[in-house]
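Colleague: Input: one structure, supplied below.
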Amino acid sequence: MNLFRLVADLMHLVSIFILLLKMQKTRSVAGRCSRISFKTQALYATVFLTRYTDLFANFQSLYNTTMKVFFIASSLYIVFLMKFKFKATNDPRLDTFKAQYVVGGAAALALIVNYAFTVQEVLWTFSIYLEAVAILPQLFMLTKTGEAEVITTHYLFALGTYRGLYLVNWIYRYWTEYYVDWIVWIAGAVQTGLYCDFFYIYFTKVLKGAKFELP
Amino acid sequence: ESAEAKHDEL
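Protein chains in written order, with the working numbering: chain A, 205 to 419; chain B, 40 to 49.
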């Protein structure tokens, strides 16, 4: 564990708390222009469920296990809230990204490009590929509505920072322990790349007090 | 080292 990875994981936690806070505060997932994509949240729940199949078999540390349990539980809780508790305020007409294609693409790629052709490894690889593109329905929704509530942008910023710090962590680990993981690196670079446009607008507008609005 | 063992990141 190094500082970059620790802060990255904490930013990931922060992003989930921001999302839960927003949902509880507005009692809905669809404020006037602050919509949260159900598809993205469902994809994240799928990511955690398929990645942490080693939860009981492979004990790394109390930290590792606690985080895994938290990510699985919180993602399922968010999906539950959106599907049942706040269903009426969730507008599927804006959540139109074709998620089945990225799920299919990630599954196909996981079957072809993996470290070992075992059920657990293919599921793990699938989760890595799927996480890389899981934010797309949310970004697509943002593009469609053209603007976002500040708290939604903070959520995306926390998520993007978590991904960016993982890149730094990999460089650090490469130099300090000769850690190499091409599947995770390439998927992670793609995932972080998806946030570039968002980061640009976040820094140039939201942090200067302006509303998040697409040009 | 098995492939499973090296997945130490979240």
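For every residue, glycine included, the Cβ atom is placed at its ideal position computed from N, Cα and C.
Owing to the predicted nature of the structure, the values given are computational and were not obtained by experimental measurement.
Using DSSP with H/G/I as helix, E/B as strand and the rest coil, what is GLU381 (chain A)?
Modeller: Helix, per DSSP.
Colleague: Within the continuous alpha helix (DSSP H) that includes PHE221 (chain A), where are the two ends?
Modeller: Counting along the chain, the alpha helix (DSSP H) containing PHE221 (chain A) begins and ends at 207-230.
Colleague: Have a look at A:ALA246, A:ARG231, A:ASN373 and flag the residue whose alpha-carbon is nearest the alpha-carbon of ALA149 (chain A).
Modeller: Lying before the first or after the last residue shown, residue 149 (chain A) is absent from chain A, which here runs from 205 to 419.
Colleague: Is there a C-beta anywhere in chain B that falls below 8 Å from the one on TRP328 (chain A)?
Modeller: Yes - at least one Cβ of chain B is within 8 Å of the one on TRP328 (chain A).
Colleague: Classify ASP213 (chain A) as buried or exposed, calling it buried when 16 or more other Cβ atoms lie within 10 Å of its own Cβ.
Modeller: Classification for ASP213 (chain A): buried.
Colleague: For LYS243 (chain A), is the classification buried or exposed, using 16 other Cβ atoms within 10 angstroms of its Cβ as the cut-off for buried?
Modeller: It is buried - the Cβ of LYS243 (chain A) has at least 16 other Cβ atoms within 10 Å.
Colleague: Can you tell me whether PHE284 (chain A) is buried or exposed, with buried defined as 16 or more other CB within 10 angstroms of its CB?
Modeller: So PHE284 (chain A) ends up on the exposed side.
Colleague: Distance, Cα to Cα, PHE330 (chain A) vs LEU369 (chain A)?
Modeller: The straight-line gap from Cα to Cα measures roughly 22 Å.
Colleague: Please check if any C-beta of chain B sits within less than 8 Å of the C-beta of MET271 (chain A).
Modeller: With 8 Å as the cut-off, MET271 (chain A) counts as an interface residue toward chain B.
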